[in-house]
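> The listed protein sequences correspond, in order, to chains W and C.
Numbered per the numbering used here, the first sequence finishes at 700, counting up by one with no gaps.
Numbered per the numbering used here, the second sequence finishes at 700, counting up by one with no gaps.
All residues carry an ideal CB built from backbone N, CA and C; glycine is no exception.
One structure, as structure tokens, below. Some questions next.
2 protein chains.
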Amino acid sequence: MGEFVHERHRPPVALPDACELVIACPPLRSNVNLSRIVRVASSCGVRRMIACGHATVDRKIARDGADQVAIERHRSLAPVLTRLRAAGFQLVGLEQTNRSRCVYQFPFRPRTVLVVGHERAGLEPAVLERLDEVVEIPVFGLPYSYNVATATAMVLYEYCRQFAAPPRPGGTARS
Amino acid sequence: MGEFVHERHRPPVALPDACELVIACPPLRSNVNLSRIVRVASSCGVRRMIACGHATVDRKIARDGADQVAIERHRSLAPVLTRLRAAGFQLVGLEQTNRSRCVYQFPFRPRTVLVVGHERAGLEPAVLERLDEVVEIPVFGLPYSYNVATATAMVLYEYCRQFAAPPRPGGTARS
Chain W
526 MGEFVHERHR
536 PPVALPDACE
546 LVIACPPLRS
556 NVNLSRIVRV
566 ASSCGVRRMI
576 ACGHATVDRK
586 IARDGADQVA
596 IERHRSLAPV
606 LTRLRAAGFQ
616 LVGLEQTNRS
626 RCVYQFPFRP
636 RTVLVVGHER
646 AGLEPAVLER
656 LDEVVEIPVF
666 GLPYSYNVAT
676 ATAMVLYEYC
686 RQFAAPPRPG
696 GTARS
Chain C
526 MGEFVHERHR
536 PPVALPDACE
546 LVIACPPLRS
556 NVNLSRIVRV
566 ASSCGVRRMI
576 ACGHATVDRK
586 IARDGADQVA
596 IERHRSLAPV
606 LTRLRAAGFQ
616 LVGLEQTNRS
626 RCVYQFPFRP
636 RTVLVVGHER
646 AGLEPAVLER
656 LDEVVEIPVF
666 GLPYSYNVAT
676 ATAMVLYEYC
686 RQFAAPPRPG
696 GTARS
């Protein structure tokens, strides 16, 4: 065992070309949450998001994500979700529901729209009824829910984990 | 397929009794990051954290975590890490280094100290040299690093994923 030597800000790993994850956000209470989602999405290779209303992205939080992620703004989510589904995306909500599947065992499709909910109200009925699947992240203690940006980061982690190339032995996944 | 019906703030899932994850933080730049870590740690079943200096936890961010997680304050991390190692914990750093292992393939031990780094400087040399292992999370786009609280959430997700009981068919993991 030698010393551990920093190698910070390494170039990124590639996901397969077929991977196309879109994140769809309703009007959120907090632009901080939206901006945090933009940052982590960009680091996870996401290039397209749907936002609603007059949501503004704080570049101090989103960092390079503010330039890397194309954000399409809509008045509401339901119509654009219908179009994305027709274009071949699977619509996956992130919510605790009676039929949510545990994200640990959920096999993501490469072309997925991850639909997140409002901080307090969660996914609205007009959105829920359009979804193909809903996933949830198990909770192990109080509070019994994750912050929306934190939960989104966890699902992004899982999506990338499923599609990233196997790592070189003893090292980091990279292609 | 019936409708998806909200079941928000469900009671938590249990991890095996042997699981004991401690999060160790150096003096961080931002109490917001520390507070976010406290919240997500609590939701992931963590009951003990090490913090340094005069770090204060913002209860509006940490929520129930402020009461659920016991935070031990120390002047610096190195001595307490040495004691935790002697007590049987594996010390795992979170950092991009020359010998970091990809967290996707890293088999966590139930008794682990996850050591996170400063937002800008990362893990300091006196900490790095005490670690048993270092893990890193692959990055797929700019910015080439994750926010410290986001990265901690992803590793907490992975730790819980490895130890959580298998879910009931078609439902959420719970014991």
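Count the other C-beta atoms from every protein chain shown that fall within 10 angstroms of the C-beta of residue 613 of chain W, then say buried if there are 16 or more, exposed otherwise.
Residue mapping note: residue 613 of chain W aligns to position 88 of the first sequence, counting from 1. That one is exposed.
> Are the CB atoms of residue 602 of chain W and residue 577 of chain W nearer to each other than 8 Å?
If you number the first sequence from 1, residue 602 of chain W lands on position 77. If you number the first sequence from 1, residue 577 of chain W lands on position 52. Result yes, Cβ atoms of residue 602 of chain W and residue 577 of chain W sit closer than 8 Å.
> Give the DSSP bridge partners of residue 546 of chain W, in chain order.
Along the first sequence, read from residue 1 onward, the residue named residue 546 of chain W stands at position 21. Answer by DSSP bridge pairing, in chain order: W:637.
> Once you ignore the five residues that flank residue 561 of chain W on each side, which residues in its own chain have a CB closer than 7 Å to its CB?
The residue given as residue 561 of chain W occupies position 36 in the first sequence. Closer than 7 Å at the Cβ level, and outside the excluded window around residue 561 of chain W, lie 586, 674.
> From the beta carbon of residue 569 of chain C, is the nearest beta carbon of chain W less than 8 Å away?
Numbered from 1 along the second sequence, position 44 holds the residue referred to as residue 569 of chain C. True, the Cβ-Cβ gap to chain W drops below 8 Å.
> Can you tell me whether residue 670 of chain W is buried or exposed, with buried defined as 16 or more other CB within 10 angstroms of its CB?
On the first sequence, position 145 is the one that residue 670 of chain W refers to. By the neighbour-count rule (16 or more Cβ atoms within 10 Å), residue 670 of chain W is buried.
> Report yes or no: do the stretch 594-601 of chain C and the stretch 621-638 of chain C share at least 3 C-beta pairs separated by less than 8 Å?
No: the two stretches stay apart, fewer than three of their Cβ pairs being nearer than 8 Å.
> Leaving out the 5 sequence neighbours to the left and right, which residues in its chain are closer than 6 Å to residue 563 of chain W when beta-carbon positions are compared?
Locating residue 563 of chain W in the first sequence gives position 38, where the first residue counts as 1. The answer, listed in chain order, is 582, 587, 590, 594.
> At 9 Å on the CB atoms, spell out the chain W contacts of residue 589 of chain C, in chain order.
Your numbering for residue 589 of chain C matches position 64 in the second sequence. Within chain W, the residues near residue 589 of chain C are 666, 667, 668, 669.
> Alpha carbon to alpha carbon, what distance is there between residue 684 of chain W and residue 633 of chain W?
The sequence position of residue 633 of chain W within the first sequence is 108, counting from 1. The sequence position of residue 684 of chain W within the first sequence is 159, counting from 1. Taking the straight line joining both Cα atoms gives about 6 Å.
> Is residue 540 of chain C close to chain W, meaning its C-beta is less than 8 Å from at least one C-beta of that chain?
On the second sequence, residue 540 of chain C is found 15 positions in, with the first residue counted as 1. Residue 540 of chain C counts as touching chain W.
> What whole-angstrom Cβ distance do residue 565 of chain C and residue 619 of chain C have, given they're in contact under 8 Å?
Locating residue 565 of chain C in the second sequence gives position 40, counting from the first residue. Locating residue 619 of chain C in the second sequence gives position 94, counting from the first residue. About 14 Å separates the two Cβ atoms, so there is no contact after all.
> Quick check: what's the CA-CA separation for residue 540 of chain W versus residue 676 of chain W?
Here residue 540 of chain W refers to the residue found at position 15 when the first sequence is read from its first residue. Here residue 676 of chain W refers to the residue found at position 151 when the first sequence is read from its first residue. Approximately 21 Å, taken between the alpha carbons.
> State the CB to CB distance for the pair residue 543 of chain C and residue 635 of chain C, rounded to an integer number of angstroms; the pair is presumed to be in contact (CB under 8 Å).
In the second sequence, counting from the first residue as 1, residue 543 of chain C sits at position 18. In the second sequence, counting from the first residue as 1, residue 635 of chain C sits at position 110. Contact holds; Cβ gap of about 4 Å.
> Check this for me: beta carbons of residue 538 of chain C and residue 631 of chain W, under 8 Å apart or not?
If you number the second sequence from 1, residue 538 of chain C lands on position 13. If you number the first sequence from 1, residue 631 of chain W lands on position 106. Not closer than 8 Å, so no.
> Using CA coordinates, which residue listed in W:536, W:535, W:573, W:554 is at the minimum distance from residue 672 of chain W?
What you label residue 672 of chain W is simply residue 147 of the first sequence in a count that begins at 1. Nearest C-alpha to residue 672 of chain W: W:554.
> Residue 660 of chain C lies in the beta strand (DSSP E); which residues open and close that run?
One-based indexing of the second sequence puts residue 660 of chain C at position 135. Here the beta strand (DSSP E) through residue 660 of chain C covers 658-661.
> By Cβ distance, which residues of its chain are closer than 7 Å to residue 678 of chain C, with the 5 residues on each side in sequence left out?
On the second sequence, residue 678 of chain C is found 153 positions in, with the first residue counted as 1. 565, listed in sequence order.
> Helix or strand or just coil, what does DSSP make of residue 621 of chain W?
To locate residue 621 of chain W, count along the first sequence from 1; it is residue 96. Looking at residue 621 of chain W - three-state DSSP - the assignment turns out to be coil, as it is neither helix nor strand.
> Kindly list the residues whose CB is nearer than 6 Å to the CB of residue 610 of chain W, restricted to its own chain and excluding five residues on each side of it in sequence; keep chain order.
Your numbering for residue 610 of chain W matches position 85 in the first sequence. The residues are 616.
> Would you verify that the beta carbon of residue 579 of chain W is, or is not, closer than 8 Å to some beta carbon of chain C?
Working through the first sequence from its first residue, we reach residue 579 of chain W at position 54. Chain C, which has no Cβ nearer than 8 Å to the Cβ of residue 579 of chain W, makes this no.
> CA-CA distance, residue 608 of chain W and residue 649 of chain W?
Residue mapping note: residue 608 of chain W aligns to position 83 of the first sequence, counting from 1. Residue mapping note: residue 649 of chain W aligns to position 124 of the first sequence, counting from 1. Whole-angstrom Cα-Cα distance: 18 Å.
> Going by the beta-carbon positions, is the gap between residue 575 of chain C and residue 530 of chain C smaller than 8 Å?
Looking up residue 575 of chain C in the second sequence gives position 50. Looking up residue 530 of chain C in the second sequence gives position 5. No, Cβ-Cβ distance for residue 575 of chain C and residue 530 of chain C is not below 8 Å.
> Give the interface partners of residue 659 of chain C over in chain W, defined as CB-CB distance under 7 Å, in chain order.
Within the second sequence, the letter at position 134 stands for residue 659 of chain C. The answer, in chain order, is 529.
> Any Cβ of chain W within less than 8 Å of the Cβ of residue 643 of chain C?
For the purposes of this step, residue 643 of chain C is taken as the residue at position 118 of the second sequence. By this cut-off, residue 643 of chain C is not an interface position.
> Have a look at C:646, C:667, C:552, C:573 and flag the residue whose alpha-carbon is nearest the alpha-carbon of residue 580 of chain C.
Residue mapping note: residue 580 of chain C aligns to position 55 of the second sequence, counting from 1. Checking every option, the nearest Cα to that of residue 580 of chain C belongs to C:552.
> Rounded to whole angstroms, what is the Cα-Cα separation between residue 686 of chain C and residue 662 of chain W?
Numbered from its first residue, the second sequence carries residue 686 of chain C at position 161. Numbered from its first residue, the first sequence carries residue 662 of chain W at position 137. Between residue 686 of chain C and residue 662 of chain W, the C-alpha separation is close to 9 Å.
> Taking buried to mean at least 16 other C-beta atoms within 10 Å of its own C-beta, is residue 689 of chain W buried or exposed?
On the first sequence, residue 689 of chain W is found 164 positions in, with the first residue counted as 1. Classification for residue 689 of chain W: buried.
> If we ignore side chains and look at the alpha-carbon of each, how far apart do residue 571 of chain C and residue 536 of chain C end up?
Residue numbering aside, residue 571 of chain C sits at position 46 when the second sequence is read from its first letter. Residue numbering aside, residue 536 of chain C sits at position 11 when the second sequence is read from its first letter. If you take the alpha carbons of residue 571 of chain C and residue 536 of chain C, they lie about 16 Å apart.
> Give me the chain C residues within the contact set of residue 582 of chain W, using Cβ-Cβ distance strictly less than 8 Å, ordered along the chain.
On the first sequence, position 57 is the one that residue 582 of chain W refers to. Here the premise fails: no neighbours, minimum Cβ distance about 14 Å.
> If you reduce the DSSP assignment to three classes, tell me which class residue 598 of chain C lands in.
Taking the second sequence and counting its residues from 1, one reaches residue 598 of chain C at position 73. Residue state, collapsed to three classes: strand.
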